[in-house]
Amino acid sequence: MTSSLIALLATTVQALPEEAVQAVTDGAQAAGKATTEFSLWPLIANASIPVQLIMGLLVIASITSWVIIFRKWRVIRRARIEADHFEERFWSGAELSKLYAGTTERSRSVGGLEAIFEAGFREFNRIRQRRGVDARAQLEGAQRAMRATGSRELDGLEHNLELLANIGSTSPYIGLVGTVFGIMVTMHSLVSASKQVGIADVAPGISEALLATAMGLFVAIPAVWAYNRYATSVERLAVRYDAFSEEFSSILQRQTHLDE
1 MTSSLIALLA TTVQALPEEA VQAVTDGAQA AGKATTEFSL WPLIANASIP VQLIMGLLVI
61 ASITSWVIIF RKWRVIRRAR IEADHFEERF WSGAELSKLY AGTTERSRSV GGLEAIFEAG
121 FREFNRIRQR RGVDARAQLE GAQRAMRATG SRELDGLEHN LELLANIGST SPYIGLVGTV
181 FGIMVTMHSL VSASKQVGIA DVAPGISEAL LATAMGLFVA IPAVWAYNRY ATSVERLAVR
241 YDAFSEEFSS ILQRQTHLDE
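Each residue of the sequence shown is one higher than the one before, starting from 1 at the first, in full-length UniProt numbering.
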């Protein structure tokens, strides 16, 4: 046993041939060069025509969704701020006639809660000026005006939200269609080739196909997130509009009893 160990230790380890070492070194350098030179643009430029068309459609959808996202953010933020300011003035004890005079200034455009108040108080005063109209008719007229104005305000807030939802829900499937086309084109080209193919021949086609799926997800995720957030914000504003309409109706009802 001891002699066997001594003989094993005494043997010299032969070095690898220079050709093998050079081959390993060249392979490592080629792999590192391929990793560092990876870029998305060659995949897009060398993609098949159907895949390029689908990628272009996804780019247009992405630009459209981001334009809607930024515009809707400004609209909802402005509606929330205007609602806060008007409620602060409304519940501060100011006279309704003075608030109404402020909303009817020609140099101002009203919206949100202020528009609902203006429509309800205008209709209330118009019906009250008629002879022989009871208090119930005055109140119902004001409520109808406020409901109609509130519906128009909410419709403006919800504008283009449906398009945002459609972009978010369909973009992954559009990207998947591009993936299917890319794989089909790659497979047909490999089948028609007479030489033996390897992973280097398959990789570009598969990469461009998967890029279409990635682009679809890149378009869909922000659109879905923004739609859910803005839809929730619009619902909250709708609750505020309805609550204000009910409270203002109660104030008008007390006003009709005082007039009697």
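Beta carbons are placed, not taken as given, at the ideal position from N, Cα and C, and that holds for glycine. The structure presented is a predicted model; accordingly, all values stated were derived computationally and were not measured.
- Excluding the 5 residues flanking it on each side, residue 135 has same chain C-beta neighbours closer than 6 angstroms at 256, in chain order.
- Segment contact: the stretch 170-183 against the stretch 144-159, fewer than three CB-CB distances shorter than 8 angstroms; contact not assigned.
- In the DSSP annotation of this structure, the continuous segment of the alpha helix (DSSP H) that includes residue 85 starts and ends at 49-90.
- When only Cα atoms are considered, residue 97 and residue 54 end up about 59 angstroms apart.
- Here the C-alpha atom of residue 59 lies approximately 8 angstroms from the C-alpha atom of residue 219.
- For residue 125, the enclosing alpha helix (DSSP H) starts and ends at 113-128.
- Classified as exposed, residue 95 has fewer than 16 neighbouring CB atoms from the shown chains inside 10 Å of its CB.
- Under the three-state reduction of DSSP, residue 160 is assigned to coil, being neither helix nor strand.
- DSSP places residue 97 inside the alpha helix (DSSP H), whose first and last residues are 96-103.
- Three or more Cβ pairs closer than 8 angstroms define a contact, and the stretch 178-186 falls short of that threshold against the stretch 238-246.
- In this structure, residue 127 and residue 222 do not form a Cβ contact; the two beta carbons are roughly 48 angstroms apart against a cut-off of 8 angstroms.
- In this structure, 112 is the residue among 137, 112 and 253 with its C-alpha nearest to the C-alpha of residue 82.
- At the C-beta level, residue 160 and residue 72 come within 8 angstroms of one another.
- Inclusion of residue 119 and residue 137 in the CB contact set at 8 angstroms is not warranted, their separation being larger than that value.
- The beta-carbon separation of residue 224 and residue 168, rounded to 4 angstroms, stays under the 8 angstroms limit for a contact.
- For the set 244, 250, 216 and 232, the Cα lying nearest the Cα of residue 63 is the one of 216.
- Straight-line spacing of the CA atoms in residue 232 and residue 248 works out to 24 angstroms.
- If you draw a straight line from the Cα of residue 125 to the Cα of residue 235, it comes to about 30 angstroms.
- With a beta-carbon spacing of about 16 angstroms, residue 101 and residue 123 fall beyond the 8 angstroms limit used to define contacts.
- If you draw a straight line from the Cα of residue 254 to the Cα of residue 74, it comes to about 37 angstroms.
- Nearest to residue 48 by alpha-carbon distance, out of 244, 211, 245 and 229, is 211.
- With respect to residue 178, residue 67 sits apart: the two C-beta atoms are not nearer than 8 angstroms.
- Excluding sequence positions up to five before and after residue 250, its CB lies less than 7 angstroms from no other CB in the same chain.
- DSSP, reduced to helix, strand and coil, places residue 155 within a helical segment of the structure shown.
- For residue 234, the three-state secondary structure derived from DSSP is helix.
- Look at residue 109 here: in three-state DSSP terms it is coil, with no helix or strand label.
- Sequence-distant partners of residue 230 (beyond 5 residues in either direction) whose C-beta falls short of 7 angstroms from its own C-beta, in its chain, are 72, 76 and 161.
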